[in-house]
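Data block below; observations after.
2 protein chains.
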Amino acid sequence: MAKEKKLVEAITSMEEDFAQWYTDVVKKAELVDYTSVKGCMVIKPAGYAIWENIQRELDRRFKETGVENVYMPLFIPESLLQREKDHVEGFAPEVAWVTHGGLEPLAERLCVRPTSETLFCDFYAKDIQSHRDLPKVYNQWCSVVRWEKTTRPFLRSREFLWQEGHTAHATAEEAEARTIQMLNVYADFCEEYLAIPVIRGQKTEKEKFAGAESTYTIEALMHDGQALQSGTSHNFGDGFAKAFGIRYTDKDNQLQYVHQTSWGMTTRMIGAIIMVHGDNSGLVLPPKVAPVQAMVIPIQQKKEGVLEKAAELKDVLAAAGIRAKLDDTDKSPGWKFSEQEMRGIPVRIECGPKDIEKEQAVIVRRDTREKIPVTFAELADQVAETLEKMQKEMLDAARAHVQAHTYQAENYEEFQRIMEEKSGFVKAMWCGSRACEDKIKEDTQATSRCIPFTQETVADTCVCCGKPAKKMVYWGRAY
Amino acid sequence: MAKEKKLVEAITSMEEDFAQWYTDVVKKAELVDYTSVKGCMVIKPAGYAIWENIQRELDRRFKETGVENVYMPLFIPESLLQREKDHVEGFAPEVAWVTHGGLEPLAERLCVRPTSETLFCDFYAKDIQSHRDLPKVYNQWCSVVRWEKTTRPFLRSREFLWQEGHTAHATAEEAEARTIQMLNVYADFCEEYLAIPVIRGQKTEKEKFAGAESTYTIEALMHDGQALQSGTSHNFGDGFAKAFGIRYTDKDNQLQYVHQTSWGMTTRMIGAIIMVHGDNSGLVLPPKVAPVQAMVIPIQQKKEGVLEKAAELKDVLAAAGIRAKLDDTDKSPGWKFSEQEMRGIPVRIECGPKDIEKEQAVIVRRDTREKIPVTFAELADQVAETLEKMQKEMLDAARAHVQAHTYQAENYEEFQRIMEEKSGFVKAMWCGSRACEDKIKEDTQATSRCIPFTQETVADTCVCCGKPAKKMVYWGRAY
C-alpha cells in the first residue's frame, strides 16, 4: 500500500502546478528521459510507440492524397541556407554548425537541418524540367535540430522528430489548394485520431513562417488554457523558386517558375495528447493512438486458474484485433492499476476468482473510471464498443473544454480582464496592424493564434486600437 | 524508337564496366540523386519505397522477438564518445563535429552519431537498476554519419539510414544467444524477402567491430564476384558495461555488470538488391520487396475500350492484394516496357485490342522475360502465382551464382591463382594469425569475410603460412 501510494503521489496535481504535473507525467509514464546532451531527449518505448502510431496513420492519410516519401541529407551547406533571405534570417540564429569532418576542418560549414526547404529546392531545381514533372508531392520523416535556449520534453527540444512535406506545382492555385488540403489532413487527423479539437486558420504576417507567402495553422487548447500550435502548412508562392531557379517549360514551351508548399507535424503532438487528455493519475490515451488499448489485470492471481483465465481473456481480445496485454508480474493489483492509469492505457480488465465463478470480468475505463461488468462471452465486443465510445467521448470532452475556455472581447479593457482572470482563447477583432499585435503581446503575453477560416463579427472595431476591424482573430498565450 | 533506344543505351553493360553499370542503374531507375553535400544522397521515391518495405518487414520480424523501438539523440558529447577506448579509436577519425549552436561556440564538441553504443550505454547506466529491468531489447531507426573519403550511393555514403539494436542482458549466455538470434533474423530476412543468399559466420579479430568481444556477419556475393557485408551482430560482453558502469542487483542482491549486444542493417541492402539481381536492362526487384509488383501497360491505348480495360485489370489486381499500377501516360508501349524494366517492376501486363477480343492479357516476367498468356478471369491468380514463383526462382538463381563462384584453395599458389583469374568466395584454411590475414590482403586484396558457422575441412594447414589450420574461412574482395 505504501508503494502504491508512492506512484500516485509522485505526480504533482495539475491544479497545483501544471508545468510540474506535465514533467512528472512525461517521466512517470516512461515516455522520455533526459540525456547528457542538453535539450535532447531519449524517447522511451512507451513514448516511441505513440509516435509510431501517429506516423502510421498520418503516413496513410498522406499517401491517400498522392504523397511520396523521400530522404534528403541531414546537412545543409551554409551557402545553400543563405539562398533565400527571409528563410536564413529566421533560422540561422538557431542552427547547429558542423565545422569538422573527421580530423579535417571543412571548406564550408554545414548546418544540421532545422527544416529542409533549401535542400528540396536545390533538388527540385535539377529534377524539374517540364510540366510533365509536376506536381512533386514529396515528404520525409526525420529529425531536425533547432538550438533552443529553453527546452521541454516534446514541446520544445533541440532535436525533435517530424515529417516535412515539400511540394512543387505548376500554378499558384494548385499550390494554395495543396496547402489547405494538408492543413485539413492535419486537422482531421487530430480530431479523428487524437481526439484533439483544433481551430483551423491563417497566421498573421508577424507569425508566419520564414520565407512563406502565407502560413496556415491548427491551434489546440491545452488543459491549462494555453494554446499549442499543432501543425502548420505554408504556401511559398514562387519566392523560393525564384531564389533557387526552379523552372519548368509549360505546354506552350514557355519557362515558368513553380509554386511551392511545405507542411509539418512533430513529436510535439505527444505533448498535446498529454496536456489535453491527462489527469491527476497520469496519462490518458485516446484508444486509437494507444499502443496498448486494454490491460488485463488478474486479481488474486496465485489462486488456481486465475492467471490462466486472464491469459485466455488477453488472447480473446488480441484475436478480436484489440491491442491487449496481460500484467502477470508479481506486483499487487492496486499497484498494477496505478501503473495502467499512469500510462494512460484506455481500459483495464479486472478478473479474479469471484468473477471467474460468475463467468465475468469488469472493464474499467481510464477516463471516466466507469466500471462495466461483462460476461466472458461478450468481453471482446464490449471492450471494442467501450474503446469506440471512449474515443468519441474524449473528443466531446475536449471540445467542451475548448468551448468553456473560449471568450469574446469587444474592447481592450474586456480583453485585458479576460487575459488576467481566465485562460483560454479570446476571440476579438483586429485591424490588421503589426503594432496592435505587438502591444497585445507586451500587455498580456497573448499572441494571435490564427485568423480562423470560420469568421464571426464580435465587434466592428479592433480590440486594441479601436480602428475599423478587418478580421476576427483567436488570441491566447501559447506554448 | 530513337527515344526507346536511348533509355537502354544509357546503361553501360555490366560485363563492360560493373561499377559504371551500378551507377547508371541507380540513377536511371531513379533510386537516388546526388546533392550539394558531397557524399550525401537524396533517396528518391522509387528508392525510398524499397527502404520502407525493408523497414516494415524487418521491424515486424524484430518485434516478433520482443524488440521495442526508441529514439536516442543525434549528438554525442566528445567525452561520452571517449568512454570506451577501442570504440573511440575506431570511430573518432571519421565523425562530423558540431562546434557551434546558433551564434555561440559550444563548451564541448558534439559528434554527429556514427553509431549509438555510447548513448545507449549512458541511458542504460541510469535506467537499469535491478534484474527486473532486464533484458532491455531496444532498437532505433535513424540516420548515422561517417565521414568517408570515397563514397558510392547506398554502398558507402557519409550519411546513411539504418536500424541499430542495442540490448542489455543479465548473463553472458543470454547476450550471446541474442547476438546469434538477430544474425539469423537478418539472414532469414535476406533470403526470404530479398532473395539474397548469405553466408553466416563470425568475423576474425582483425575485422570485428570496435569495442566488441565478437562480431557475427552475413556475407552476400554480388554479381561481379565481390562480397558485401550485409548485416552484423556484435556481442560486447561486459566491456561497455564496465566502461559506463551499467550494473544491476541480481536475485541475491549482488551488483553485477550487464552483458550487451548491438546489431545493424542499412540502406546498403538496396545496393545489394541491385548488384545481386540487376541485369543490363536495369533493376530487377524481388516481388516481396518491390513497391510496385505489376505494371499494366495498354497497347494501342487510343483505340476504344483499351484504357478502360487496362484500368479494370489494374483494379482487379489491386483488389487481389497485388501492388499494381497502370501506365496510362502518352509514351509508346516500347518506351513503357523499357521504363518498367529499368525500374525492376517484377511483371508487366500487356493488353491491347487483339487481347481484349480474346479476353486475355500477357504477363511478362522481368527476370526471365517469359511471356505468359492468361485469360482475364485468371489474371489475378496467375499474377500472384507468377510473383511467388519468381521470388523463389530469383533466390535459386542467386544461390546458383554463389555456388558457381565459390572456390576452394588448398595452398597459397592455388589461392593466388583463383584470386587472379576468378572472382568470388574462396574457401581456405587459416591458422588464426593476423599476419596471414594481412599478407593475403596485401598480395590479393582479399579479406577474411567470415569464419562460417558451417565448417568444412579443405586442408590441414593454413593456406598462407602452412602451419596447422584452426578454421576454414571465406575469403574475398569486398565492397
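Chains A and B are the protein sequences, given in the same order. With my numbering, letter number 216 in the first sequence gets 569, and the count goes up by one each step, no holes. With my numbering, letter number 103 in the second sequence gets 456, and the count goes up by one each step, no holes. Built from N, CA and C at the ideal position, the CB exists for glycine as well. All figures in this text were calculated on a predicted structure; none of them were measured in a lab.
Identity of the residue in the options nearest residue i by Cα
i              : options                        : result
S776 (chain A) : A:H576, A:V395, A:K656, A:L514 : A:H576
I552 (chain B) : B:A751, B:G419, B:C704         : B:A751
V497 (chain B) : B:G455, B:V448, B:D541         : B:V448
E383 (chain B) : A:Q609, A:F806, A:K662, A:D480 : A:D480
T814 (chain B) : B:V826, B:W783, B:W828         : B:W783
N537 (chain A) : A:E457, A:A643, A:A596, A:F415 : A:F415
C495 (chain B) : B:Y424, B:G443, B:G829         : B:Y424
Q408 (chain A) : A:V395, A:E512, A:R621         : A:R621
I650 (chain A) : A:L581, A:Q579, A:Q482, A:T682 : A:T682
A762 (chain A) : A:A812, A:E738, A:E774         : A:A812
R531 (chain A) : A:W500, A:G590, A:L732, A:A781 : A:G590
S520 (chain A) : A:V629, A:G617, A:M747         : It is worth fixing the name first, because residue 520 (chain A) is Thr in this sequence and not Ser. It is A:G617.
S366 (chain A) : A:T721, A:G631, A:A730, A:A831 : A:G631
S483 (chain B) : B:Q607, B:E746, B:I716         : B:Q607
T376 (chain A) : A:I627, A:P644, A:K707, A:V700 : A:I627
T619 (chain A) : A:T800, A:S510, A:A664, A:Q798 : A:S510
Q555 (chain A) : A:D749, A:M825, A:R830, A:Y832 : A:M825
Below-8 Å beta-carbon distance, residue i vs any chain B residue
i              : result
L456 (chain A) : yes
W616 (chain A) : no
A672 (chain A) : no
W450 (chain A) : yes
H440 (chain A) : no
I396 (chain A) : yes
Y401 (chain A) : yes
F806 (chain A) : no
L463 (chain A) : yes
F428 (chain A) : yes
P686 (chain A) : no
E447 (chain A) : yes
E405 (chain A) : yes
Cutoff 8 Å: residue i Cβ touching any chain A Cβ
i              : result
L581 (chain B) : no
C543 (chain B) : no
F507 (chain B) : no
A355 (chain B) : Interpretation of A355 (chain B) is limited by its pLDDT of 45, a score under 50 that renders its predicted location unreliable; the figure taken from the coordinates is listed afterwards. By this cut-off, A355 (chain B) is not an interface position.
Y424 (chain B) : yes
E767 (chain B) : no
V498 (chain B) : yes
F778 (chain B) : no
L434 (chain B) : no
H630 (chain B) : no
P651 (chain B) : no
E417 (chain B) : no
H453 (chain B) : yes
E512 (chain B) : yes
Residues that DSSP places opposite residue i in a beta bridge
i              : result
P327 (chain B) : Lying before the first or after the last residue shown, residue 327 (chain B) is absent from chain B, which here runs from 354 to 832.
I571 (chain B) : B:R553, B:G584
R600 (chain A) : A:Y610
W828 (chain B) : B:V779, B:S801
L463 (chain A) : A:P430, A:V451
C495 (chain A) : A:W515
D370 (chain B) : In the DSSP output, where bridge partners are listed per residue, D370 (chain B) has none listed.
N422 (chain B) : B:N492
G635 (chain B) : B:D632
Q713 (chain A) : A:T728
Contact belief for residue i with residue j at Cβ below 8 Å, rounded distance in angstroms
i              : j              : result
R436 (chain A) : V451 (chain A) : Going by Cβ atoms, the distance from R436 (chain A) to V451 (chain A) rounds to 19 Å, so no, they are not a contact pair.
S583 (chain A) : A596 (chain A) : The Cβ separation is near 29 Å, so there is no contact.
I533 (chain A) : T471 (chain A) : Incorrect: roughly 24 Å between the Cβ atoms, too far for contact.
7 Å Cβ cut-off: residues of chain C touching residue i
i              : result
E421 (chain B) : Going by chain labels, chain C is absent from the structure shown, which instead holds the protein chains A and B.
Any C-beta of chain A within less than 9 Å: which residues of the segment 515 to 526 of chain B qualify?
none
Interfacial residues, the segment 465 to 483 of chain A to chain B, with Cβ spacing under 8 Å:
V465, L472, D475, F476, K479, D480
Contact residues within the segment 369 to 394 of chain A, judged by C-beta distance below 8 Å to chain B
D386, T388, S389, V390, C393, M394
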